[in-house]
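Here the structure comes first, spelled out in structure tokens, and everything after it is commentary.
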Amino acid sequence: MPKSRRLDIDLEDIICPYCGKVAVMMSGRELYGDSSSYTTKNYWVCRDCDAHVGCHLRNDEYGLEGNEPLGKMANRRLRMARIKVHIMFDPLWKVAGWNRTDSYMWLAKRLGIPGDECHIGNFNLKTCAKAIKALDGLRKLLNLKGDDLREWDGYKTP
Ligand SMILES: [Zn+2]
């Protein structure tokens, strides 16, 4: 049975946090060009601030229209900070042998936030900085060597 379709978007998620204007929806093709690998994805965008947030991919099974934002809008500086957190964090559960849930719980604890609020896509600059510091400390603590360390450093977020 198909799920009901409705516009299930919080207005506050599509108001630019930098200038207060309502964002416009654009396709990945419009935002990044034809050669991008994100052409099928939609984005809420504030052109003035170079701020945007990606949307869930359209998914009929889950009743997703493809216009539901994945988190809060971010400008370039914040997007770069979140990417850095991902680069340091993702190998934890892919390379260092931790499971995904434990990794997120560990990070949440270090940041002093509940586990279910630990979404890197929602981190602000301050949270990113805290996460990077914690991950840097953990990396030293784990004392990875040889192949493990090379694997971590070479790991690319998909
Ligand atoms: Zn703006």
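Taking the numbering used here, the leading residue of the sequence shown gets 16, the next gets one more, and so forth.
All C-beta atoms, glycine included, are put in the ideal place defined by N, C-alpha and C.
Taking C-beta to C-beta, are residue i and residue j nearer than 9 Å?
i: Met41; j: Val68; result: no
i: Gly81; j: Asp28; result: no
i: Asn5; j: Leu93; result: This structure leaves residue 5 out entirely; the chain is present only between 16 and 173.
i: Val39; j: Leu26; result: no
i: Tyr130; j: Met120; result: It should be pointed out that residue 130 corresponds to Gly in this sequence rather than to Tyr. Yes.
i: Leu122; j: Phe104; result: yes
i: Asp151; j: Val110; result: no
Go ahead and label residue i buried or exposed: buried means 16 or more other beta carbons lie within 10 angstroms of its beta carbon, across all protein chains shown.
i: Ser118; result: buried
i: Lys155; result: exposed
i: Glu76; result: exposed
i: Met95; result: exposed
i: Glu83; result: buried
Do you know whose CA, among the options, lies nearest residue i's CA?
i: Cys34; options: Asn57, Ser51 and Cys64; result: Cys64
i: Leu153; options: Asn114, Cys133 and Leu107; result: Leu107
i: Leu31; options: Asn114, Arg62 and Tyr47; result: What sits at residue 31 in the sequence shown is Cys, not Leu. Considering only alpha carbons, the answer is Arg62.
i: Ile24; options: Cys70, Ser51, His134 and Asp49; result: Cys70
i: Met88; options: Glu132, Gly136 and Ser50; result: Gly136
Among the residues of its own chain, which have a CB less than 8 Å from the CB of residue i, if the five just before and after it don't count?
i: Asn90; result: Tyr33, Cys64, Asp65 and Ala66
i: Leu72; result: Thr55, Lys56, Leu79 and Gly81
Spatial neighbours of residue i within its chain, please: C-beta separation below 7 Å, excluding the five flanking residues on both sides.
i: Arg115; result: Trp108
i: Tyr53; result: Gly43 and Tyr47
Grab me the residues of residue i's own chain with a C-beta within less than 6 Å of its C-beta, minus the 5 sequence neighbours each way, in chain order.
i: Glu166; result: Val110
i: Asn74; result: none
Checklist entry - Does the stretch 143 to 152 come within contact of the stretch 112 to 129, defined as at least 3 CB pairs closer than 8 Å? => result yes
Next on the checklist: So, does the stretch 41 to 55 touch the stretch 89 to 101, judging by three or more C-beta pairs under 8 Å?
Outcome noted: no
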